[in-house]
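Heads up: the structure comes next, in structure tokens.
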Amino acid sequence: MTRVSHPGWRVSWAVLVYAALCAGCTRHQAFRHAAVAAEIRPPAVVGYLPFRTLPDSRALVPPPPAEGSEALALDLEYSRRSLALRDSPAWTLAISDAYLMFPHAAGTFSCALNAPITEADTPHLYLLLRRSLIDAGLSTYAARNYYQRPRPFLSNKAPICTPAEQGRLEESGSYPSAHSAIGMAWALILAELSPERTPEILARGQAFGLSRVVCNAHWYSDVIQGRNIASATVAKLHASPAFLSDFRAAKAELAAVRRKDRKPLRACRSEAAAVALQRSLAQ
Numbered sequence: 008m009t010r011v012s013h014p015g016w017r018v019s020w021a022v023l024v025y026a027a028l029c030a031g032c033t034r035h036q037a038f039r040h041a042a043v044a045a046e047i048r049p050p051a052v053v054g055y056l057p058f059r060t061l062p063d064s065r066a067l068v069p070p071p072p073a074e075g076s077e078a079l080a081l082d083l084e085y086s087r088r089s090l091a092l093r094d095s096p097a098w099t100l101a102i103s104d105a106y107l108m109f110p111h112a113a114g115t116f117s118c119a120l121n122a123p124i125t126e127a128d129t130p131h132l133y134l135l136l137r138r139s140l141i142d143a144g145l146s147t148y149a150a151r152n153y154y155q156r157p158r159p160f161l162s163n164k165a166p167i168c169t170p171a172e173q174g175r176l177e178e179s180g181s182y183p184s185a186h187s188a189i190g191m192a193w194a195l196i197l198a199e200l201s202p203e204r205t206p207e208i209l210a211r212g213q214a215f216g217l218s219r220v221v222c223n224a225h226w227y228s229d230v231i232q233g234r235n236i237a238s239a240t241v242a243k244l245h246a247s248p249a250f251l252s253d254f255r256a257a258k259a260e261l262a263a264v265r266r267k268d269r270k271p272l273r274a275c276r277s278e279a280a281a282v283a284l285q286r287s288l289a290q
């Protein structure tokens with residue numbers, strides 16, 4: 008697995024932040040205004056859910072762990088243990104998982120699915136992941152903007168896995184984790200598309216969130232509550248006719264790829280080793 012360093016990551020997440028803050032705009036207006044940046048190629052994709060119908064994360068998650076609580080002690084312990092994984096395969100995976108731009112992000116679950124996901128072979132599935140990313144990511148912002156929880160690297164002063172993003176992360180709330188919400192939303196959708204691979208898919212979704220702890224960009228409780236927001240988002244997506252249409256088409260595409268016996272394009276053994284290292288955080 009190779010290290011990943013992509014300047015476009017900042018632009019993609021900036022679009023999400025802009026839309027989250029533009030509460031008075033319609034969902035499409037927010038993205039249209041944000042997409043005028045010349046760096047965005049191709050134009051930003053919008054989610055399935057109208058902005059006003061996104062899950063209210065402030066109502067769905069409890070406040071961040073309080074000083075002196077057992078939950079905060081667990082956060083601190085996970086953070087301390089994660090520092091030992093710097094420059095390990097888990098650190099390399101965290102760098103890769105941090106990068107949400109496509110086509111790179113489309114391959115996140117290819118090993119778990121035992122099938123590639125590409126715009127050429129699975130265009131509806133590719134679009135399904137892109138659009139649901141936006142819904143899950145934006146669903147975290149009501150709570151994030153309200154609590155403005157400082158990130159772990161501000162406390163432990165240790166490096167993060169994406170140093171070019173440190174300035175931006177210092178200014179954004181940590182709780183709940185948007186990356187974790189996105190990863191688990193993808194996992195829930197893909198497990199429904201490919202139920203025979205459910206254990207592998209859900210494990211990868213959990214690992215995607217834990218990559219943020221390894222990266223030193225999020226606390227463990229940020230990740231857990233991100234998963235909860237993912238569940239609420241996917242439930243709402245099932246009421247979207249556009250989502251359901253793409254879901255049905257994606258299921259057919261995935262079946263066709265399997266009939267052709269196409270294999271993942273990623274280094275699955277390296278990924279499995281990295282995920283195993285992540286599990287050491289809980290031991």
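So in our numbering, spot 109 of the sequence shown is number 116, and the numbers just go up one at a time.
Where is the CB? At the ideal position from N, CA and C, for every residue including glycine.
When the Cα of residue i is compared with those of the options, which residue comes out closest?
i	options	result
ALA289	ASP229, PRO206 and TYR85	TYR85
SER162	ARG265, PRO69 and ASN223	ASN223
ASN235	ALA188, ASP94 and GLU177	ALA188
ARG156	ARG269, SER201 and TRP226	TRP226
GLN213	LEU145, GLU203, CYS168 and ALA101	ALA101
SER117	ALA171, LEU197 and ALA51	LEU197
LEU61	SER247, GLU207 and TYR154	SER247
LEU67	ALA263, THR240 and GLY180	THR240
SER252	PHE109, LEU135 and ARG59	LEU135
THR169	VAL221, ALA80, ARG59 and GLY114	VAL221
ASP229	ARG59, LEU81, PRO57 and PHE58	LEU81
LEU56	ALA119, LEU92 and ALA249	ALA249
SER238	VAL52, ALA51 and ASP63	ASP63
VAL282	LEU209, GLN173, HIS111 and LYS243	LEU209
Consider the Cβ of residue i: report whether some Cβ of chain D lies at a distance smaller than 8 Å.
i	result
SER146	Any reference to chain D falls outside this structure, which holds one protein chain only.
Taking buried to mean at least 16 other C-beta atoms within 10 Å of its own C-beta, is residue i buried or exposed?
i	result
ALA274	exposed
HIS245	exposed
THR129	buried
ALA73	exposed
ALA183	Strictly speaking, residue 183 in this sequence is Pro, with Ala absent from that position. So PRO183 counts as buried.
GLU178	exposed
ASP94	exposed
GLU126	exposed
ARG255	exposed
ARG137	buried
SER76	exposed
ALA113	buried
ARG59	exposed
ARG276	exposed
GLU203	exposed
ARG87	exposed
Taking 8 Å as the cut-off, decide whether the C-beta atoms of residue i and residue j are in contact.
i	j	result
THR147	GLY233	yes
LEU284	PRO96	yes
LEU140	LEU107	yes
HIS186	PHE160	no
ALA119	ARG211	yes
TRP98	LEU92	yes
PRO206	TYR154	no
I think residue i touches residue j, with their Cβ atoms under 8 Å apart; what is that distance to the nearest whole Å?
i	j	result
ARG65	ALA192	The Cβ separation is near 18 Å, so there is no contact.
ALA122	ARG286	No, ALA122 and ARG286 are not in contact; Cβ-Cβ is about 24 Å, not under 8 Å.
LEU261	SER201	6 Å
ARG219	GLY180	In fact, because the Cβ distance is near 13 Å, the residues do not count as touching under 8 Å.
Looking at the ligand GDP, does it come within less than 7 Å of residue i, judged from the CB to the closest heavy atom?
i	result
ARG175	Here there are no bound small molecules, and the ligand GDP is not part of this structure.
What are the complete beta strand (DSSP E) segments, minimum 3 residues, inside the region 148-195?
none
Return the chain-ordered ranges of every alpha helix (DSSP H) run that is complete within the region 218-277 and spans a minimum of 4 residues.
227-244 and 248-266
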